[in-house]
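In what follows, a single structure is set out as structure tokens and then discussed.
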Amino acid sequence: MAKNDPNADLEAYRSLMERPERFAEGFTYRTVIGAFFVGFIMMPGAIYMGLIAGVSLGSAAEWVTIILFSELARRSFSSLTRQEIYLIYYIAGGLAGVIGGTMLAGGPFGQLMWNQYLVQSQAAEGFGIADKIPDWVSPMAGSDAILSRSFLHRAWIPPIAVLVAAQVLSRVEWFTLGYILFRTTSDVERLPFPLAPVAAQGAMALAENDDEREGWRWRVFSIGLGIGLLFGAVYIGLPALTGLIASDPIALLPIPWIDLTRTTESFLPAAPLGIGTDLGLVLLGTVLPFWVVVGSFAAAMVHALGSPLLYHAGYLTHWRPGMDTILTNFANDVDVWMSVYIGAGFAVGIIGVAHAIRSFRAAHREKKMSSFSDVPKGRGDFPLWLAFVGYGLSTLAMVALCTLLLRDDEFPLAFLLIFGFVVTPALSYVNARMSGLTGQTVSFPMIREGAFILSGYNGVDIWFAPIPYADHGRRAQLFREVELTGTSFTSILKAELLILPLSLICGFVFWQLIWSMGPIPSPAFQYAQTYWHLIALRQCLWYSATLGGETLFDTAIKGWWIAGGFAFAGGAFGLLSLLRLPISLIYGFVRGLSGLPHLLIPEMIGALLARYSLEKRFGVERWRQYAPVLLAGYACGMGLIGMSAVAIALISKSVTQMQY
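Heads up, the numbering used here is the position in the sequence shown plus 3, with the first residue counted as 1.
This is the structure in structure tokens:
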């Protein structure tokens with residue numbers, strides 16, 4: 004591959020793993036026991052770490068469970084198969100994963116915890132939507148169900164019923180459409196999915212035979228484990244334990260970042276500046292493609308250092324001296340940056356569509372496409388007609404649920420059908436191809452939001468309805484990862500049938516337990532106390548768009564800034580293509596526009612460290628095998644510290660609440 008190829012930075016990932024010749028079932032009694040272990044032992048730790056530090060326990064839950072069960076198997080004179088290890092990895096990630104930017108783990112009930120915060124938040128009050136959030140989302144602020152901090156109140160029955168129904172239907176939808184996309188892009192179009200081997204290598208880090216126990220994967224994983232234990236003791240353990248005896252926990256490193264905004268405002272006004280304190284961000288930067296990280300960092304610097312220029316030019320009118328990072332970032336978004344991000348996102352979306360169409364035509368011309376009938380033996384494939392029927396029925400059921408929840412004739416049925424049967428499949432296919440070609444996906448901003456606003460709907464309940472609109476393009480890569488590990492697809496189906504009820508039951512139990520001990524968020528949960536306010540402000544800004552009348556949203560959308568963002572992203576793409584430079588710079592740039600410099604600076608440090616030191620020392624291909632394993636070990640070490648801290652905290656608080 005020539006050095007000036009725009010996708011050359013991704014080519015090294017393509018040959019890391021090949022499709023195995025044989026597939027095996029991974030869903031066994033050992034993986035079922037592992038699932039219950041994660042649900043009842045790891046999930047409370049995942050919830051607690053997400054609230055206190057914004058740290059996902061997903062990887063830690065995966066590796067703690069894998070290590071424990073591997074050791075138990077060895078002492079029983081047997082070993083876990085690669086397929087069992089991958090399925091434990093998959094189930095643990097599903098049970099201990101997080102919800103979007105809130106870093107809420109603990110299954111679907113984490114969404115209800117967010118809703119109870121939102122309904123009584125300052126943001127909802129300030130935008131005038133707190134009393135307009137429907138009762139099937141959350142009980143009203145000030146109700147007995149909220150004041151008593153209990154999901155056992157009858158007012159929680161409608162939100163829980165809607166949550167369960169939406170979860171069942173959405174899982175059927177993603178599994179069926181994801182499988183169709185995988186068959187199309189991987190089997191027929193034979194796209195390489197360059198980053199799928201990276202994920203598969205990380206998942207299989209400990210899948211070694213006993214006589215290979217001292218191989219490189221175990222050594223690298225152990226190094227990451229040690230780093231995670233040492234850093235986690237300071238970052239997670241100290242504030243968690245001191246929070247038991249002090250109103251303000253002691254933190255040697257501020258969580259989640261060191262805020263420099265007020266310090267630098269005298270010479271860099273309106274610049275949201277700071278640096279994230281989680282070492283995991285540095286390690287993440289060593290894993291992500293280099294030019295994606297560079298693009299994200301460049302966008303963050305443009306935002307941070309360009310804001311003072313915009314302020315002096317009179318464009319940033321909402322910023323005031325003394326604002327912290329959260330308020331500064333939100334004020335800048337309202338004045339300029341949200342419009343710029345929308346425009347740039349549109350440009351990247353159109354580029355993605357054009358790229359997908361061009362590569363599709365090239366594949367036809369070169370006759371590189373295979374047949375749908377070419378299915379590897381033993382992979383556990385399903386009839387395609389069954390997948391189409393499953394997707395169609397689940398989407399129709401989702402449409403019916405939305406019409407039941409929304410007021411009659413307010414939101415046209417045609418919008419729901421177009422979302423479910425046109426927009427979602429089209430967007431998912433484009434991103435499945437983008438993932439298959441470059442490892443990246445693109446977003447199309449304001450499709451959902453624009454439909455809500457243009458429909459003329461009056462109210463905020465439309466924003467909470469389970470609209471059948473989603474991007475399932477990444478699911479094609481998931482199936483590719485499953486294929487690379489030699490795991491039968493039927494194993495994933497069985498795992499999903501286990502994950503859903505287990506996540507609902509365990510999430511209900513542990514969220515109820517932690518919520519009953521104190522308000523969420525509160526000073527004891529530093530990440531939630533700091534970051535949730537920004538998320539709520541951003542969400543409520545959009546929700547206010549359908550309230551009617553003059554709102555802050557009307558001033559936040561500026562057509563010429565949208566056009567400027569579109570022109571910049573489109574022009575930069577054209578220039579990079581002309582110069583044969585990495586196109587992933589643009590995808591990273593759009594990713595970084597909506598991010599904070601605090602979190603992207605450590606990523607950039609990690610990317611530079613990997614590019615100019617570690618890759619030279621170990622070799623590019625070898626380091627790209629090491630990096631995900633090192634990150635997995637680090638997450639495991641952090642998880643062990645977090646689990647120890649949360650166990651002590653839960654026991655202590657439970658004891659202090661007992662009445663004698």
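All C-beta atoms, glycine included, are put in the ideal place defined by N, C-alpha and C. In this text the structure is predicted, and so the values were computed from the model without any measurement.
If you reduce the DSSP assignment to three classes, tell me which class residue i lands in.
i	result
T490	strand
A27	strand
F482	helix
E192	coil
Q86	helix
D147	helix
S525	coil
N212	Bear in mind that a pLDDT of 44 at N212, under 50, signals an unreliable position, so the number given afterwards is only what the model happens to contain. Three-state DSSP puts N212 in coil, outside helix and strand.
N461	coil
F349	helix
R152	coil
F72	helix
E217	Below a pLDDT of 50, predicted positions are generally treated as unreliable, and E217, at 46, falls in that range; the measurement from the model is reported next regardless. Note: E217 maps to coil in three-state DSSP.
N7	In this prediction, N7 scores a pLDDT of 48, lower than 50, which makes its location untrustworthy; the coordinate-derived value is nonetheless stated afterwards. If DSSP states are grouped into helix, strand and coil, N7 belongs with coil.
D474	coil
R451	helix
V140	coil
F270	coil
E14	Model confidence at E14 stands at a pLDDT of 47, short of 50, so the residue's coordinates are unreliable and nothing is read from them.
G288	helix
I253	coil
Y318	coil
M401	helix
A638	helix
D377	coil
P469	coil
M45	helix
Q3	Any answer about residue 3 is impossible in this case: the structure gives the chain only from 4 up to 663.
G131	coil
M646	helix
Going by the DSSP bridge assignment, what does residue i pair with across the sheet?
i	result
D262	G277
Near residue i, which residues of its chain fall below 6 Å by C-beta distance, leaving aside the five closest residues on each side in sequence?
i	result
T328	D262, T264, P275, G277
L643	none
L551	Just to set this straight, residue 551 is Gly in the shown sequence, not Leu. Once the five neighbours on either side are set aside, the close Cβ partners of G551 are N461.
V237	L255
A630	T289, V290
F511	F112
Could you name the residues of the same chain whose beta carbon sits closer than 8 Å to that of residue i, not counting the 5 residues immediately before and after it, in chain order?
i	result
L308	L271, A274
Q532	P524, S525, P526
P162	L115, N118, D138, W139, V140, S141, P142
V35	L501
L71	F40
T549	F455, I456, Y460, N461, G462, V463, I465, W466
W545	E452, W466, F556
L166	P111, F112, Q114, L115
L507	G110, P111, F112, V167, Q170
A347	G568, F569, F571, A572, F592, V593, L596
Q529	I55, A56, P242, P252, A254, I258, P259
Among residues of its own chain, excluding the 5 on either side of residue i, which ones have a beta-carbon nearer than 7 Å to its beta-carbon?
i	result
L244	A648, I651
R614	F293
I654	none
I345	P448, M449, I565, G568
V296	G288, G591, E606, M607, A610
L232	G640, L643, I644
T31	E87
A76	S82, L83
E268	P324
Taking 7 Å as the cut-off, is the CB of residue i close to at least one heavy atom of the ligand ATP?
i	result
D281	With respect to the ligand ATP, the structure offers nothing, as it holds no ligand at all.
Would the stretch 299-317 and the stretch 593-606 be scored as touching if the rule is three or more Cβ pairs under 8 Å? yes
Are the stretch 476-494 and the stretch 572-586 in contact at 8 Å, needing three or more beta carbon pairs? no
Meets three-Cβ-pair contact criterion under 8 Å: the stretch 172-189 and the stretch 423-440: yes
At a cut of 8 Å, does the stretch 453-463 reach the stretch 152-170 through at least three beta carbon pairs? no
Within the chosen definition, does the stretch 489-497 reach the stretch 379-397 through at least 3 CB pairs nearer than 8 Å? yes
On the three-pair Cβ rule with 8 Å, is the stretch 312-324 touching the stretch 630-637? no
Counting only runs that start and end within the stretch 498-560, where is the alpha helix (DSSP H) found for 4 or more residues in a row? 529-546, 555-559
Pair every Cβ in the stretch 224-237 with every Cβ in the stretch 516-523, then say whether three or more of these pairs are closer than 8 Å. no
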